[in-house]
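Trainee: Supplied in structure tokens, the structure appears directly below.
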Amino acid sequence: MNKKYQSCLITNIWQNKNIKYKYFIEKELNAGLSLQGWEVKALRANKFNINNSYIILKNGEAYLFGAIFQPLILSFSYIKNDKMRIRKLLLNKHELKFLFNKVKHNNYTIIPLSIYWNKSWLKIKIGIAKGKKEHDKRLDIKKREWKLDKNRLIKFNTK
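Position one of the sequence shown corresponds to residue 1 (UniProt numbering), numbered consecutively onward.
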């Protein structure tokens with residue numbers, strides 16, 4: 001398969017860039033997302049907000065909670081457009097069992113990391129994460145600043 005063709009297959013729509021500041025991400029999983037037709041149109045038109053959303057586990061299934069999809073003006077009036085609808089994630093049985101064990105026994109949180117198109121299928125990348133404490137966030141900032149200072153010192157000392 002050509003590299004040019006492969007790059008066309010996966011297209012990133014949305015990425016949660018602030019998540020690594022708030023959480024330690026242990027594992028990432030890919031899941032399908034069950035959407036209605038008007039929600040897919042809203043995604044294509046960038047009329048959605050998933051920044052404060054998270055994944056809940058209920059009745060043996062995983063759901064995306066807190067995602068807002070704005071209906072387009074062109075959508076039909078006879079279709080009920082619920083912006084805050086809970087959307088089902090499409091996962092395998094062993095993946096769901098793994099998620100249930102992590103959340104129930106180890107107090108992990110499941111959060112959306114990114115949304116992307118895989119060929120013509122909409123996928124969501126979810127992360128199993130633990131929240132960072134305030135001192136962890138400060139430590140990360142110190143490490144990042146030290147890394148930048150170190151690179152500056154190396155750059156100026158080599159000249």
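Every residue, glycine too, gets a C-beta built ideally from N, C-alpha and C. Keep in mind the model is a prediction, meaning the values are calculated, not measured.
(1) If you count every other CB in all the chains shown that lies within 10 Å of the CB of K147, and 16 or more means buried, which is it?
(2) Output the residue ranges of the beta strand (DSSP E) runs that lie fully inside the segment 23 to 91 and measure 3 residues or longer, sorted by chain position.
(3) Give me the Cα-Cα distance between N157 and D149, rounded to the nearest whole angstrom.
(4) If distances are taken between C-alpha atoms only, which option among L57, L35, N51 and Y21 comes closest to P71?
(5) Kindly list the residues whose CB is nearer than 7 Å to the CB of W14, restricted to its own chain and excluding five residues on each side of it in sequence; keep chain order.
(6) For I86, count neighbouring Cβ atoms within 10 angstroms of its own Cβ and tell me buried if that reaches 16, exposed if not.
(7) State buried or exposed for K102, treating a residue as buried only when at least 16 other CB atoms are found within 10 Å of its CB.
(8) Tell me the residue span of the alpha helix (DSSP H) that contains N106.
(9) By the 10 Å Cβ neighbour count, where 16 or more other Cβ atoms means buried, how is A45 classified, buried or exposed?
(10) What did DSSP end up calling K132 once you bin it into helix, strand or coil?
(11) Indicate the three-state DSSP secondary structure (helix, strand or coil) for N18 in the structure shown.
(12) Closest to V40 by CA distance: which of L122, A129 and T109 is it?
(13) Going along the chain, which residues of its own chain have a beta-carbon closer than 6 Å to the beta-carbon of V52, five neighbours each way excluded?
(14) Does DSSP put K137 in a helix, a strand or coil?
(15) Output the distance between the C-alpha atoms of A42 and Y108, rounded to the nearest integer angstrom.
Mentor: Quick answer:
(1) exposed
(2) 23 to 33, 54 to 58, 61 to 65 and 87 to 90
(3) Distance between the alpha carbons of N157 and D149 is about 12 Å.
(4) The residue from L57, L35, N51 and Y21 with its alpha-carbon nearest to that of P71 is L35.
(5) I50, S114 and I115
(6) exposed
(7) buried
(8) Going by DSSP, N106 is part of the alpha helix (DSSP H) stretching over K93 to N106.
(9) exposed
(10) Coil at K132, not helix or strand.
(11) N18 falls in the coil class under three-state DSSP.
(12) L122
(13) Reading off the sequence shown, one finds Asn at residue 52, where the question assumed Val. Answer for N52: G66, listed in chain order.
(14) helix
(15) 31 Å
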